[in-house]
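Asks: Here's a structure for you.
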Amino acid sequence: MMSISGKELARAIERQGRRLLRVAGSHHIYGKEGSIVGLSIPIHGNRPLKTGLLRHLLALAEMSEGDI
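Counting from 0, one number per residue, gives the positions in the sequence shown under numbering that gives the first Met the number 0.
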């Protein structure tokens, strides 16, 4: 599993058609038209996301590691 930051994942999520709904502290909440699943991506500078969290967010977004 690659090591990427929350900022990099947020950019990949936006390329997949999701848009930023709101910001709650250091977490950016993304949504997609017609979907009830919201993605909460922690943005803590350039710190990489932990592997388990990255896998979980990719599964919720229906993305693979290659989509990033």
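All C-beta atoms, glycine included, are put in the ideal place defined by N, C-alpha and C.
Here the structure is a predicted model, which is why all the values come from computation and not from measurement.
1) By the three-class DSSP mapping on this structure, what secondary structure does His43 have?
2) Ordered along the chain, which non-local residues of its own chain (more than five positions away) have a Cβ less than 8 Å from that of Leu59?
3) Taking only three categories from DSSP, how would you classify Leu68?
4) By alpha-carbon positions, which one of His27, Thr50, Arg17 ends up nearest to Gly33?
5) Could you pull the DSSP bridge partners for Val22 from this structure?
Replies: Short version:
1) Three-state result, His43: coil.
2) So the list reads Val36, Leu38, once near-sequence residues are dropped.
3) Residue 68 cannot be examined here, being either before or after the span of the chain that is shown, 0 to 67.
4) Of the candidates His27, Thr50, Arg17, the one whose C-alpha sits nearest the C-alpha of Gly33 is Arg17.
5) His27, per the DSSP bridge assignment.
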